[in-house]
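**Student:** Take a look at the following structure, please.
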Amino acid sequence: MKYIDEYRDEEIARALLARIAQRVTRHWVLMEICGGQTHTIMRYGLDELLPGGLELVHGPGCPVCVTPLELIDKAIALASRPEVVLVSYGDMLRVPGSHSDLLRTKASGGDVRIAYSPMEAVKIAQASPQHKVVFFAIGFETTAPANAMAVWEAKRLGLKNFSMLGSHVLVPPAIRLLLSQPSNRVQGFIAPGHVCAVVGHGDYEKLAREFHVPIVIGGFEPLDLLEAVFMLVQQLEEGRAELENQYVRTVPRSGNVLAQKVMREVFDVCDRKWRGIGSIAASGYRLRPEFAAFDAEQVFGMEEGGVEEPSECISALVLQGQGKPTDCSAFATRCTPENPLGAPMVSAEGACAAYYQYRRHPR
Amino acid sequence: MAEAKSFELACPLPLGSHDHVLLGHGSGGKLSAELVQQVFLPAFNNQALARLDDQAIVSVNGCKLAFTTDSFVVKPLFFPGGDIGSLAVHGTVNDLAMGGAQPLYLSAAFIIEEGLPMDTLRRVVNSLRNAAAEAGVQVVTGDTKVVERGSGDELFINTSGIGVVAEGVQLSANQARPGDVVLLSGSIGEHGICILAQREGLKFETTLESDSAALHTLVAAMLQVPGSIRCMRDPTRGGLSSALNEIAAQSRVGIALNETAIKVREEVQGACEMLGLDPLYVANEGKLIAIVEPVAAEHMLEAMRAHPLGHDAQIIGTVTEKHPGLVTIRSTLGTTRIVDMLAGDQLPRIC
């Protein structure tokens, strides 16, 4: 298949791996930010193919994983109300809140529907004025434009029965937090290609300069990631710390200007809590005051509240690249995708879930 | 009678943490297996059922019979490559065929929602009749129920089937042995993706058709090849992954697959890439997996390829004594990963 098969080619991969091996002279710790990239690394066993001197650690870029427990509880509470239709992306449905998940809520009579685009939720709201339609909008800068567009469109249509329960998070503040920690081990980053396709290079250039750390915008296929690793190794070995773009076929320097415009119109930057990490300043979006009528938390008068995470879970370390899933005493025993103790085990793109799915058994 | 009375389903069954039946309990994955193990097996346990194959094999007056039943709830009722009527024949014929049986007779029960257009019902019945005629089976008994509007989803069909198993044929998922070869009759994922493409809210254009087909003539051709077939499965819901994981578990063997040997048509791969799905977990309705002893593998492959429903057949892996109960796959890059059984349905990813 065009644009897929050529990026999974064994021969080219071997050639790239040989070039990486030739270039590496010492131990380097690299982090891929995005859960989609982690998934590819585990699915193709890329970490096992890399020379011993290179260590890949996995970043916090799984939107499902970092969604706070209390927000999932709020979604479940809304879905349980008889007048509400809760519309969500598919992989949020299995994510457990503190007592239940949306699939169980659906089985108990809640009207929970899967959508592939937030515009579907707007259409449902138009078609069923007797229902209050809530779109459960989570994600990084990748899903934010479409979610912003849905709210913008709902306002244009004058809909009174559409709202959004949202927790949008932003990648650069999380990288900044990681780099500011004295315990940080990460020496180079593979930046999330699809996020950069929306926001462009700007923030990542700043990070590379400010922290003197090499960053390569990377794609999601095995060869994309191997090439990104090669570019990072070259920078590290040469003592450079720049932003480079491996994913040129998708990421223009300025990003998607139209998407940025609608995000600015609809969202304000705010502090956000990340599951497994905690609150990060200016790390998320909320609806601007002129769109308050579409904010589900305000519409339904929901209260703020915190929920404790199980203490055994080491997800804070895993999400910051300071521990591997297999370092956890509960991994694959007390913590599984069916019964997760913490954030990175809940979604297919979480680091713990990827380890569990592809290699939980000893070789 | 007294014995039946003493069995109480009200006893606290260890039903995991599920107070209600979830859609995932019907997915063919781990939740479905949990339901069978914890609710149905304790209630009905007997030797024929305990094999947990797609069909029961029972002996009546020295004649070996295969017996199976299946319900069809596909939505939409009509899809490219078939409809609920033809599917109801193919599904049950295939469940019989996977036991090495010659399918003979079917029953058909229709649960119809009030208000279903009569023309729709006629089209489905006509299609069921044609599919049965093509497969050489007769529908010899049936039933009709009409439920109130809102109590069903247009139309559900149940078919049961009986077939005869020839002397010396004994196929079961517990018979795979290390060294055996795994064959697959063609490309995977077409039925599941075809149905998904018709779903409300997801419609995308594709020329893809369901692979729904009756496999018993392919099986008959395979049974002519000298050498032993250990077991056969049609990888329906839960896809290739569920079928192979079941065989690995029941035979207590490992199965090692080669990803490059598993054919996935471009339309299926494209849809899977777009939705974040893995074709290994997508349903098929006209494909079979056969585990055969190594000496028979090449001839079996030839026999399969000579049949129109098996011309894309491939050897996709081997049975191994390593990692019993586990299915692994060698990726296109030469690394190995686990192919796990999913808990419930595959859910499309956020990004």
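Residue numbers (our numbering), protein chains in the order written: chain W, 1 to 363; chain H, 1001 to 1351.
Virtual Cβ for every residue (Gly too), placed ideally from N, Cα, C.
Treat the numbers as computed from the prediction; the structure is a model and nothing was measured.
1) Compute the beta-carbon to beta-carbon distance between A1176 (chain H) and V1319 (chain H), rounded to the nearest angstrom, for a pair I have assumed lies under 8 angstroms.
2) Is it buried or exposed, C62 (chain W), if we count other Cβ atoms within 10 angstroms and call 16 or more buried?
3) In the DSSP assignment, find the beta strand (DSSP E) that holds N1158 (chain H) and state where it starts and stops.
4) Any idea what DSSP makes of T142 (chain W), helix, strand or coil?
5) What does the alpha-carbon distance come out to for the pair V64 (chain W) and C1272 (chain H)?
6) Apart from the five residues just before and just after E1008 (chain H), which ones in its own chain have a Cβ nearer than 8 angstroms to its Cβ?
7) Sort W:V95, W:V251, W:L223 by Cα distance to P192 (chain W) and report the nearest one.
8) Quick one: using the 10 Å Cβ neighbour count with 16 as the cut-off for buried, is K1030 (chain H) buried or exposed?
9) Nearest to G1227 (chain H) by alpha carbon, out of H:A1290, H:F1110, H:T1069, H:K1064?
10) Give me the subset of the stretch 326 to 346 of chain W whose CB atoms are less than 7 angstroms from a CB atom of chain H, sorted by chain position.
11) Could you name the residues of chain W that H1020 (chain H) contacts, counting a contact when the two beta carbons are closer than 7 angstroms?
12) Just tell me which of H:T1141, H:E1285, H:D1340 has its CA closest to the CA of G1091 (chain H).
13) So is G1270 (chain H) in contact with chain W if we call contact Cβ pairs under 8 angstroms?
14) If you measure from the beta carbon of A13 (chain W) to each beta carbon in chain H, is any gap under 8 angstroms?
15) Residues in the same chain with beta-carbon distance under 6 angstroms from C352 (chain W), minus the five sequence neighbours each way, listed in chain order, please.
16) Give a yes or no on contact between the stretch 289 to 296 of chain W and the stretch 249 to 263 of chain W, applying the rule of three or more CB pairs nearer than 8 angstroms.
17) I'd like to know whether the C-beta atoms of M1222 (chain H) and M1098 (chain H) end up nearer to each other than 8 angstroms.
18) From this set, H:D1054, H:R1199, H:V1058, H:V1039, which residue's C-alpha is nearest Q1047 (chain H)'s C-alpha?
19) Any beta carbon of chain W sitting closer than 8 angstroms to that of A1256 (chain H)?
20) Relative to the C-alpha of S50 (chain W), which residue among W:F331, W:V233, W:K273 is closest?
21) Taking the straight line between their C-alpha atoms, what separation do you get for E186 (chain W) and M164 (chain W)?
22) Which chain W residues are close to T1332 (chain H), counting only those with a beta carbon under 7 angstroms from its beta carbon?
23) How would you write the range of the beta strand (DSSP E) that N1258 (chain H) sits in, first residue to last?
24) Under the DSSP definition of a beta bridge, which residues are partnered with L85 (chain W)?
25) Measure from the C-beta of I1338 (chain H) to each C-beta in chain W and report whether the shortest distance is under 8 angstroms.
26) From this set, W:L159, W:R253, W:L102, which residue's C-alpha is nearest E205 (chain W)'s C-alpha?
27) If contact means a Cβ-Cβ distance below 7 angstroms, which residues of the stretch 205 to 231 of chain W contact chain H?
28) Tell whether a beta-carbon distance below 8 angstroms holds between S1027 (chain H) and D1345 (chain H).
29) Would you kindly work out how many angstroms separate the C-alpha atoms of L225 (chain W) and I41 (chain W), rounded to a whole number?
30) Quick check: the Cα distance between I4 (chain W) and L1184 (chain H), rounded to an integer number of angstroms?
31) Any chance the stretch 157 to 174 of chain W sits against the stretch 120 to 137 of chain W, with 3 or more Cβ pairs inside 8 angstroms?
32) Taking 8 angstroms as the cut-off, does the stretch 1247 to 1263 of chain H touch the stretch 1312 to 1331 of chain H (at least 3 CB pairs, one atom from each stretch)?
33) Cβ atoms of N161 (chain W) and P118 (chain W): under 8 angstroms apart, would you say?
34) Does the beta carbon of I376 (chain W) come closer than 8 angstroms to any beta carbon on chain H?
35) By DSSP, does A1108 (chain H) sit in helix, in strand, or in coil?
36) In the DSSP assignment, what residue or residues form a beta bridge with Q126 (chain W)?
**Tutor:** By the coordinates alone:
1) 5 angstroms
2) buried
3) From DSSP, the beta strand (DSSP E) with N1158 (chain H) extends over 1155 to 1165.
4) coil
5) 20 angstroms
6) Model confidence at E1008 (chain H) stands at a pLDDT of 43, short of 50, so the residue's coordinates are unreliable and nothing is read from them.
7) W:V251
8) Taking all protein chains shown into account, K1030 (chain H) has 16 or more neighbouring C-beta atoms within 10 Å of its C-beta and is therefore buried.
9) H:A1290
10) P337, E338
11) R104, A107, S108
12) H:E1285
13) The beta carbon of G1270 (chain H) sits closer than 8 angstroms to some beta carbon of chain W.
14) yes
15) P325, P344, M345
16) no
17) no
18) H:V1058
19) At a cut-off of 8 angstroms between beta carbons, A1256 (chain H) makes no contact with chain W.
20) The amino acid occupying residue 50 (chain W) in the given sequence is Leu; Ser does not appear at that position. Nearest of W:F331, W:V233, W:K273 to L50 (chain W), Cα basis: W:V233.
21) In the sequence under discussion, the amino acid at residue 186 (chain W) is Val, which differs from the Glu named in the question. Taking the straight line joining both Cα atoms gives about 36 angstroms.
22) R8, E10
23) 1254 to 1258
24) Before going further, note that residue 85 (chain W) is Val rather than Leu in the sequence given. Bridge partners of V85 (chain W): W:D111, W:V133.
25) yes
26) W:R253
27) P222
28) Closer than 8 angstroms, so yes.
29) 8 angstroms
30) 24 angstroms
31) yes
32) yes
33) Result no, Cβ atoms of P118 (chain W) and N161 (chain W) do not sit closer than 8 angstroms.
34) The requested residue 376 (chain W) does not occur in the structure, where chain W is confined to residues 1 to 363.
35) Strand.
36) DSSP output for Q126 (chain W) lists no bridge partner at all.
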